[in-house]
Amino acid sequence: MHRRPSINTNWRRALQGLLLSGLAGALTACEQPPLTPNGVIAVFGGVGLGPGAFSYPRAVTAEPAGSLFVVDKSGRIQRFSPQGEFETGWTMPQTKQGKPVGLSVAPDGRIFVADTHYHRVIVFDRDGIQLDAFATKESGSKETQLPTDVDVDDDGFIYVSEYQGDDRITKWSPDGQFVAALGEGPIEGVPLRRPAAIDFDRQQTLWVADACNHRIVRLSREGEILAVFGGFGDEPGHFRYPYDITVTPQDTIMVCEYGGNRLQWLSKDGRSLRVWGDAGRATGQLFAPWGATYGQNGDVYVVDSLNSRIQVIRP
Amino acid sequence: MSLLALALPFSFDRPMWLWLGLLIPLLILASLRSLAGLEFMRRTMALFIRSMLVLLVACCLARVEHVQRNDDLTVIYLMDRSHSVQELQNRQEAFVHQASDNIPDEDRVGLIDFARDAFLQQLPTRGGYYISPGRLPAMPNTDRTNVAAGMRLAMAMFPHDTAKRIVLMSDGNDNMGDLLAEARRARADGIPVDVVPLDYQHRNEIYFDRLIAPTHAEPGEQVAIRMVINSQRPASGTIILQHNGRLVAIPDRQARVELRPGDNTFYMKLSVDDPGSHVFEATFRPDDESMDATARNNTGSTFTFVAGTSHALLITADPDFDAAFVDALRSENVKVAVKTTDQLGEFGLLQMMNYATIILSNVPAAALTDKQQEELALYVKDMGSGLIMLGGDEGYGAGGWIGSPVEEVMPVSFEIKHKRVIPRGALALIIHSCEIARGNFWGKEMAKKSVDTISSQDYIGVLAYSWSPGGENWEVPLDLNTNKAAVKNKIDKMQIGDMPDFGTTMQMAYRGLVSGKGRDAAQKHVIILSDGDASPPLPRLISQYKKAKITVSTIAIGWGGHVMASTMQSISRATGGKFYQARNPRQLPQIFTKESKVVRRPLIVDEPFQPQLLHSYSEILAGIDPTSDALPPLGGMIMTSPKQNPNVIVPIIRATDDGEDPVLAHWQYELGKTVAFTSGYWPVWGRQWTQWPKFAKLWAQIVRWTMRQDAPANFDTYTKIDGNSGRIVIDALDKDASYLNLLQLRTSVIGPDNQPVPVEFIQTGPGHYEAQVPIDKAGQYLANVRAIDASGRSMGTLRTGLSAPFSPEYRDLMPNEALLRQVVDETDGRWLDMPAKDADVFSHDLPPTEARRPAWEWVLAWLLLPMFLLDVAVRRLASWLAFSIAVELVVLVFLLIGLDIIHTNILGVFGAFLLAELIGWMIRFRYIGPLFDYMTHTVTALGRAGERSTASLDKLKSKKDEVRSDLDGEKDRTGKVSTGEETLDPLGPIPLANAKQRFDVGDAKASKPSADLADALGGAAPNRPPAKPDRPPAQEDQGDDQETTSRLLRAKRRAKRKEDNGS
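Those sequence lines, one after another, are chains C and B.
Residue 55 in my numbering sits at position 55 of the first sequence; the count goes up by one each step and never skips.
So the number in my numbering is just where the residue sits in the second sequence, counting from 1, plus 315.
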């Protein structure tokens, strides 16, 4: 595969080599800008089916060691280092009916995936070995219910948010036996409508993103309603389809708004502390984000779904 | 010369002008004298610059062009993915991967795969081939090999600034497009096509080569069916024959056949009784399936037209409703067949052609597929047949026919165009289709279908979840459907997002229909298209819908994947709408047509009226006397508007206070005739009509008027399919068996895609006419040929057609190496073999590409003008400093030009600046050195002069003392005191020159710096000979003056003489 050197290349080399060899070093030692705009410190992903690329990612979770797990609409779960380097990945056992929209890391490090369209929860280890699975439709639940998110409390009980007509949170024993249903019936006059995400705080109360009512509901582990706040709107303290909720290391809450294209931090009494992001494709902007989580060093990883990327923010 | 041309980044559009360069030696000779006054270096530079000026002017006139040469290479692989080589895809992918390993950095690789169509899978990209094996998307329509399409796409995809190469991987069994024409284009573009032949051989293959039957037959005739089956090896099997879709019982001895290698021909005779088209289909089933590589090519089909009397076909949803109508027609000897809408099935154009006219009685549009509707329109327009539409609650606009192809051929528009106040309908669409493959495409298409189906007097709005800002919106605000194009344009721009819940959009639709623009609509309807995984609405909202009598129909889409049907089912059930589960997109148009017409119920006039006869001269009303034959009243009708066309005749109307509605209208549209009767629905609306004595006569007359006039020309026809083209041959003889020459044979062939293709018959012999038909799809091709003789008289029509049961792709048994070799020869390509390691796909043996830009303007502005200035500077700038700056500027401009050509960076510019400075300073050193010398020399000289002055003063002082002592002695002798002047007097007056010389130390060297300084700073003629110290300056000046004066005088005299001679 012989290749003749380009004439132009020779000219350029000769001229530059003759005149400029002494200047090259001085001009190359420039520093990179420390941060991308709007507090974003890194962006990774991109559209694709290869390792490290996404096809409409819809949920993220982080393990205490710092690794991230992202599930996308191709039905793949990928593990990344906190720096966004691809570590490993696997595909859900079945994907024809639909793909998962929620996953969580249990205190013991196991990965719980809400396999939405197969009405079940699948448990993996951090390398993708399937450890367990239980069907959420088999007992105590309507057949057509779609699990959206799963979380595990300190006692090992598993909580699954479900929607499609009989929207509620179901509680399962550590071995996958149905225990109770939470959040059924009207809450301030309106039943839950698409509880899209759940998360436990340090006090072991459950925070629910009630997406189609555009509000946040706080429940005790027994189902007692502790707080309700929010409502549809763009002003702080209101939401447009909150699709994810995360308790922050500061014991406040962070809400990811799918319709509002932003993150919102709130105190536990519903007071908006900060709003971040707007709609768009540029770095620092979001396009239909489905989820966000806190990772190592207190950095926030946002699933920028329609941009098929993860943005890392240092709040 | 060519090497030089390759090395230089320039070329010339008109190189003849470069001969001007020959002027340079002449110019040098001429300039030697005129520049004789300059010192050697300046003269040399001036000559050089003048030569350059001539050269640059020559370049400008020769239209110098900047040529950017690039020997980077782009290789585009063309991968054949047609059926014949589908098993070789892995080998092709492996070849691409191996051949693209370790390609040079700047080279690019692209990949296009093709079968019937070509697709770009990888844009020409640096670094290699990135698609992992097995990850190429599925290829649609593998039933054809269209290498030409792949070549065309490749040539369009090449970057313009690299060398180009196509690597074609194929078996060469090209059966669509013109490969060799594309190869010639590639050659013209300098693109070689290397060929990697895909080798295979199907040793066990049987295919049905031809099924032949006569094109025309008489009723009751026994037609001979000839079957030609090709086999590679001896085999046995069974022949199965179908006639018009029904299995024909064949005796075993005929059905069981033994095949020898090669073509095997079998005959059979079948009786054809009914007039119309008879389709024969024969299939060979081998006993041992391993003897046959593919079963797709085991069927042959053909058809025969049997002449007969004209029939009409009545299509109805309920035959009982039309019983009286059919009886009336039959009583008038009109042959009518009746089909219900359920019996239509595969009712296509070929079957339609069995009837001379078709009557649609209260048939909704959704009963016919889009394809059948198109064929019905072609049946009228191109085949010259008739169509009658009778009304009813499912007819015309109320039946969803608005915007259909059938509306185009009817004499009335199904819209209410005039300003009539009629109850309106309102339709809100909720589209949530983004989660399905091509879901949004179908969502938009169906929304547009609804826009077409409903009237422009109705309201329509489209709701969807839009991404930014994330939320539900009226993507098309609920408003009148007046400007359908604008509404469809808005639909096309929709960005349909993933809707979280039905509640919000349903709430918005409710508000729009109850309190928004749709509030005055008499009929309100909502259609939801979704995969069902959005959150269901609250029961409270469903109750509101029920109360407001808004129906909601839901259409679940998922194409067999996951669909959450339960929520959608419950919504439609609760609101009185319908639920549909669409398993494939093809079902959607009918569903949308059916659902959209719900809002068109206001078009039905369900009240008795007295129809009025308007045009008794209408040919279809012959025999109906408006004075004596009062038309019976009708019980209802569908509102339409007559088309604004002079051919449209509306003989019967319904007159009301605010306008007239057509009841009966007719016209001829292209070759066919159509009639619209907007009433009908006989037991309900037209009972009195069916009892009217003239009912039968009137309708028999109408039906006969529309019937296709089959006057078969008595010609022989023969058809044959060969690869991707078909041939129709007509032998025209009159009844005396004389050839009919110079006939005009006009037809359009309607293929499986319902696109009429005009074909041209060429007379190739006495009475012998031939036409070529492109065959690019499997299916039936029909033609209705009209024969017109030389005097313009119609000689009747002739039905013919071809049947292509399977693509030629399925009969390829081995590669077509000859064609591939031809491509290689045509394009100067190479024959590559499969192991990719030996294939040097990226060899740089192609000429580099050249991108040319005109540069003469630039040369003029940036080189020629500075050169002029430099020329002046060299001769006129006395100062070396100024001269050096001028040179420096010119050098800088030259270098920057050079750098611009090679596209350097800022470092290059900086380097050019440095180099120019270096040259400038080298010139300036010539000036600075002598200046330095002068200054140092002067200071030394002054120092020495000072010392000598001191010595002189001392000397003078001692002399003075000496004189004084002499004077004192003399004074003492004379007794007088003298002044100082007087003291000096004895020395006499001192001349100025001498005064200067007073301080002259008498050192000859001291005068030299002075001469150099003048030379450096002031000498416009620095070459003047050094002043001779012994020659008085005044004399020298005088001499020069005299010499100049005498020269001038001589020149003047010469000029005078010349002038005198001249005169």
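The C-beta atom is built at its ideal place from N, Cα and C for all residues, glycine as well.
Ends of the alpha helix (DSSP H) at residue i?
i	result
THR95 of chain C	Element bounds for THR95 of chain C: n/a, residue is neither H nor E.
LYS803 of chain B	799-807
HIS412 of chain B	404-414
MET761 of chain B	754-768
THR882 of chain B	880-890
ALA469 of chain B	462-472
LYS1012 of chain B	1010-1021
Below 8 Å on the Cβ atoms is my contact criterion, and I expect residue i with residue j to pass it. Report the Cβ-Cβ distance as a whole number of Å.
i	j	result
THR530 of chain B	ASP489 of chain B	That belief does not hold up - the Cβ atoms of THR530 of chain B and ASP489 of chain B are roughly 30 Å apart, past 8 Å.
VAL1174 of chain B	VAL379 of chain B	6 Å
ILE1043 of chain B	THR1032 of chain B	7 Å
PRO82 of chain C	VAL71 of chain C	PRO82 of chain C to VAL71 of chain C, Cβ: 18 Å. No contact.
THR1021 of chain B	LEU702 of chain B	7 Å
ALA627 of chain B	VAL651 of chain B	5 Å
ALA968 of chain B	PRO926 of chain B	Looking at the sequence itself, residue 968 of chain B is Ile, so the reference to Ala does not match. Yes, they are in contact, since the Cβ atoms of ILE968 of chain B and PRO926 of chain B sit about 7 Å apart, within 8 Å.
VAL121 of chain C	ILE169 of chain C	VAL121 of chain C to ILE169 of chain C, Cβ: 13 Å. No contact.
GLY128 of chain C	TRP172 of chain C	That belief does not hold up - the Cβ atoms of GLY128 of chain C and TRP172 of chain C are roughly 22 Å apart, past 8 Å.
ALA59 of chain C	GLY291 of chain C	5 Å
GLN1004 of chain B	PRO947 of chain B	Note that residue 1004 of chain B is Trp in the sequence shown, not Gln. About 5 Å separates the two Cβ atoms, so the contact holds.
From the DSSP output, read off the bridge partner residues of residue i.
i	result
TYR984 of chain B	B:GLY987
ASP794 of chain B	B:ILE775
SER781 of chain B	B:GLY786
PHE69 of chain C	C:THR61, C:ARG79
ALA1047 of chain B	Partner(s): none; ALA1047 of chain B has no beta bridge.
Could you check where the beta strand (DSSP E) with residue i kicks off and where it finishes?
i	result
ILE391 of chain B	388-395
ILE967 of chain B	964-971
CYS374 of chain B	Taken as a continuous stretch (DSSP letters only), CYS374 of chain B belongs to no beta strand (DSSP E), being part of the alpha helix (DSSP H) at 355-376.
ALA42 of chain C	40-45
ARG79 of chain C	76-80
SER326 of chain B	325-327
LEU219 of chain C	215-219
ARG654 of chain B	It is Lys, not Arg, that sits at residue 654 of chain B in the sequence shown. That run of the beta strand (DSSP E) goes 651-655.
GLU339 of chain C	The requested residue 339 of chain C does not occur in the structure, where chain C is confined to residues 1 to 315.
Could you tell me if residue i is buried or exposed, where buried requires 16 or more neighbouring beta carbons within 10 angstroms of its beta carbon?
i	result
ASP1127 of chain B	buried
PHE410 of chain B	buried
ASN417 of chain B	exposed
ASP149 of chain C	buried
ASN1309 of chain B	In this predicted model, ASN1309 of chain B has a pLDDT of only 42, less than 50, meaning its place in the structure is not dependable enough to derive any value.
VAL300 of chain C	buried
HIS475 of chain B	exposed
LEU1363 of chain B	exposed
GLY1398 of chain B	Because residue 1398 of chain B is not part of the residues shown, which for chain B are 316 to 1378, the question remains open.
LYS479 of chain B	buried
Using 7 Å as the cut-off, classify the Cβ of residue i as near or not near the heavy atoms of the ligand COA, replying yes or no.
i	result
VAL400 of chain B	Absence of the ligand COA is noted for the structure shown, with no ligands found whatsoever.
* Asked: the region 155-176 of chain C: which residues have C-beta closer than 9 Å to a C-beta of chain B, in chain order?
  -> TYR163, GLN164, GLY165, ASP167
* To do: Select from the region 286-302 of chain C all residues with a C-beta closer than 8 Å to any C-beta belonging to chain B, and list them in chain order.
  => PHE287, ALA288
* **the region 242-276 of chain C: positions lying closer than 9 Å to chain B by Cβ** => TYR243, GLU257, TYR258, GLY259, GLY260, ASN261
* For the region 806-818 of chain B, enumerate the residues whose C-beta is nearer than 8 Å to any C-beta of chain C, in chain order. => GLY812, ASP813, PRO815, ASP816, GLY818
* **chain B contacts made by the region 200-227 of chain C, where a contact means CB separation under 7 Å** => ALA211, CYS212
* Just by C-beta distance, which residues in the region 1054-1071 of chain B are closer than 7 Å to chain C? -> none
* To do: With 8 Å as the limit, tell me which residues of the region 845-861 of chain B have their beta carbon closer than that to any beta carbon of chain C; keep them in chain order.
  => ASP848, SER850, PRO851, LEU853
* Can you give me, in chain order, the residues of the region 937-970 of chain B that have a beta carbon less than 7 Å from any beta carbon in chain C? => none
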